[in-house]
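Numbering that gives the first Met the number 0 numbers the first residue of the sequence shown as 0 and each following residue consecutively. Built from N, CA and C at the ideal position, the CB exists for glycine as well. Scroll down for the structure; my scribbles are underneath it.
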Amino acid sequence: MNLDQIFNAAQEAFLFYKNLPGKEKADFLEGLAELLEENRAEIVPLAVEESNLPDGRINGELGRTIGQVRLFANLVKEGSWVEATIDPALPDRGPLPRADIRRFLTPLGPVVVFGASNFPLAFSTAGGDTISALAAGCPVIYKAHPAHPKTSQKVADCIHQAILKAGLPSALFTHVEGGIAEGQALVQHPLAKALAFTGSHTGGKALFDLANQREEPIPVYAEMGSVNPIFCFPEKLKKENDALAKAFVGSLTLGVGQFCTNPGLIFVPKDQAPAFEKAISEELNDIASAPMLHPGITEAYYNSLQLLQSREELRWVKVADAQHLINGSTALAEIKASDWLTDSVFQKEVFGAFAMMVVYESEDELQEIAKHLHGQLTITVWAEQEELKNQLYLINLLEEKCGRLLFKGVPTGVEVGHAMQHGGPYPSTTDARSTSVGSYAIKRFARPIAFQDMPDELLPDALRKDNPLGIWRMVDGEFKK
0 MNLDQIFNAA QEAFLFYKNL PGKEKADFLE GLAELLEENR AEIVPLAVEE SNLPDGRING
60 ELGRTIGQVR LFANLVKEGS WVEATIDPAL PDRGPLPRAD IRRFLTPLGP VVVFGASNFP
120 LAFSTAGGDT ISALAAGCPV IYKAHPAHPK TSQKVADCIH QAILKAGLPS ALFTHVEGGI
180 AEGQALVQHP LAKALAFTGS HTGGKALFDL ANQREEPIPV YAEMGSVNPI FCFPEKLKKE
240 NDALAKAFVG SLTLGVGQFC TNPGLIFVPK DQAPAFEKAI SEELNDIASA PMLHPGITEA
300 YYNSLQLLQS REELRWVKVA DAQHLINGST ALAEIKASDW LTDSVFQKEV FGAFAMMVVY
360 ESEDELQEIA KHLHGQLTIT VWAEQEELKN QLYLINLLEE KCGRLLFKGV PTGVEVGHAM
420 QHGGPYPSTT DARSTSVGSY AIKRFARPIA FQDMPDELLP DALRKDNPLG IWRMVDGEFK
480 K
């Protein structure tokens, strides 16, 4: 793997591709979406074989992948995402005239994307990071996850076919394989301009530190896990105890607990705790163990549980069955809120179908919990309308600790749309200002640039006086077309 050749070619492709009209980028992405659909019969069996995930899940994930490709195709075709902003010249303004200043978002350059283990399609080769970077106008150097090499290569072939069909430079997308050393080398290359990663806190933090030790530090968009706590209130549990227990267990065990939004932490009022624990236990007993993504993840899951089992503060309601190093078994532990507050180890993500039920005694204790809570992708509040009226202070605290705050349902299930926020305060991600799902993900891979008194014929189309793209622009403080 000659990194200089890879990055030099990607940089040359960037200088051409970044100026391509949005419609042509959209045509390329639409072509990719069609190829992924055409190759469904080959892609799905490969992903099933390499991930231990069922056929239905993989088919659904491929549908989501194709959907997000089309989402970004439509976004760049319309074009307003570039935030074109124009302050026209005011030559007669006193005491000083104003120059003509025009600002918009321009792509960063070659982006390094690391594939995720738990989503072999939607967060991998043609996943949200890759597609949002390509939509922004950036070439992608993609580091394949070693857990699903065949799937990754097949999807990469589809991307290259789409590039060829669109008449674009082949170096717009490069698929590379390797281990930790190869990944580090990609991050350290001076032509890399940004990095996207989905995985463990250990891996994400290591890449973040490496990127910031470069002579020219680069932005790192790393999603590093979350326990996605649920805050339960008494009246809500009294009315819907069994239904909520069922919903919680369904969300916890979805995908054998290997979603980044599985709820691994639930706060329950003391008086309702026995009934809720009983209902959860009954639901868990009906959940059979199932294969996890690969033996390494299974081993890490049971190692994490073993460390927690040495803590006397925890009472184990259900102990995981570790007889098989492929299957992940459910587990549930209970702890008093006063004990939970003493050690941050009780907030660490255990990647699998394990949950910790924290029993609190008062609303004051609940507020103290919120103050000590680490950053999360999601937080869910289960409360009756009347209960919420008196919780504005708590809600205010929780807003500071997550990227998505839910008041109904469960956190699993991330809508791929325009309003979705999939990112949160550290340690859930390295940049709480960004999202890895939804159309706003494109803005991770662009930066603002302003042109002052540039001749109109040299300006990008998005900033020209006659607005040839017909996009929404802010002109002198007002949105106009």
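Would you mind working out which of the options sits nearest residue i, comparing C-alpha positions?
i: residue 175; options: 167, 155 and 166; result: 155
i: residue 353; options: 478, 281, 394 and 226; result: 226
i: residue 473; options: 81, 188 and 300; result: 81
i: residue 24; options: 57, 73, 54 and 40; result: 73
i: residue 213; options: 131, 55, 455 and 191; result: 191
i: residue 332; options: 378, 150, 34 and 314; result: 314
i: residue 309; options: 357, 282, 344 and 292; result: 344
i: residue 446; options: 234, 238, 334 and 217; result: 217
i: residue 130; options: 471, 439 and 475; result: 439
i: residue 252; options: 327, 40, 312 and 43; result: 327
i: residue 357; options: 275, 377, 302 and 385; result: 275
i: residue 146; options: 116, 270, 302 and 254; result: 116
i: residue 321; options: 164, 289, 478 and 381; result: 289
i: residue 211; options: 189, 198 and 200; result: 189
i: residue 254; options: 119, 0 and 18; result: 119
i: residue 124; options: 157, 94 and 287; result: 157
i: residue 334; options: 91, 86, 312 and 325; result: 312
i: residue 271; options: 236, 165 and 305; result: 236
i: residue 153; options: 27, 45 and 9; result: 45
i: residue 100; options: 342, 463 and 238; result: 463
Pull the bridge partners of residue i from the DSSP assignment, please.
i: residue 327; result: 289
i: residue 80; result: Paired residue(s): none; residue 80 is not in a bridge.
i: residue 481; result: This structure cannot settle anything about residue 481, because the visible part of the chain is limited to 0 through 480.
i: residue 477; result: 474
i: residue 353; result: 330
i: residue 213; result: Partner(s): none; residue 213 has no beta bridge.
Apart from the five residues just before and just after residue i, which ones in its own chain have a Cβ nearer than 6 Å to its Cβ?
i: residue 443; result: 220 and 433
i: residue 429; result: 207, 219 and 221
i: residue 195; result: 112, 128 and 220
i: residue 22; result: 76
i: residue 54; result: 47
i: residue 121; result: 60, 63 and 64
i: residue 173; result: 5 and 140
i: residue 203; result: 196, 221 and 223
i: residue 293; result: 146
i: residue 409; result: 246 and 250
i: residue 90; result: 96
i: residue 69; result: 32
i: residue 230; result: 266 and 380
Just to check my reading of the structure: residue i and residue j have Cβ atoms closer than 8 Å, yes? What is that Cβ distance to the nearest angstrom?
i: residue 329; j: residue 347; result: About 18 Å; that fails the 8 Å criterion.
i: residue 299; j: residue 258; result: About 16 Å separates the two Cβ atoms, so there is no contact after all.
i: residue 441; j: residue 71; result: 7 Å
Tell me which residues share the same chain as residue i and place their Cβ nearer than 7 Å to its Cβ, disregarding the 5 neighbours each side in the sequence.
i: residue 459; result: 103
i: residue 533; result: There is no way to answer for residue 533, as the model of the chain reaches only from 0 to 480.
i: residue 98; result: 88, 451 and 452
i: residue 36; result: 65
Report all residues from its chain with a CB closer than 8 Å to the CB of residue i; omit the five preceding and five following residues, and keep chain order.
i: residue 241; result: 278
Given the structure, does residue i come close to the ligand NAP, in the sense that its CB is under 7 Å from one of the ligand's heavy atoms?
i: residue 470; result: Of ligands this structure carries none, so the ligand NAP is not represented either.
At a cut of 8 Å, does the region 97-111 reach the region 133-147 through at least three beta carbon pairs? Flag = yes, the region 97-111 and the region 133-147 touch.
Is the region 412-423 in contact with the region 262-270, if contact means three or more CB pairs nearer than 8 Å? Result no; under three Cβ-Cβ pairs closer than 8 Å.
Are the region 333-352 and the region 383-396 in contact at 8 Å, needing three or more beta carbon pairs? These segments do not touch.
Indicate whether the contact test is met: 3 or more Cβ pairs, each with one atom in the region 233-245 and one in the region 449-458, closer than 8 Å. A contact is defined here as three or more CB-CB pairs under 8 Å, and the region 233-245 fails this definition with respect to the region 449-458.
Is it true that the region 368-376 meets the region 392-406, where meeting means three or more beta-carbon pairs spaced less than 8 Å apart? These segments touch.
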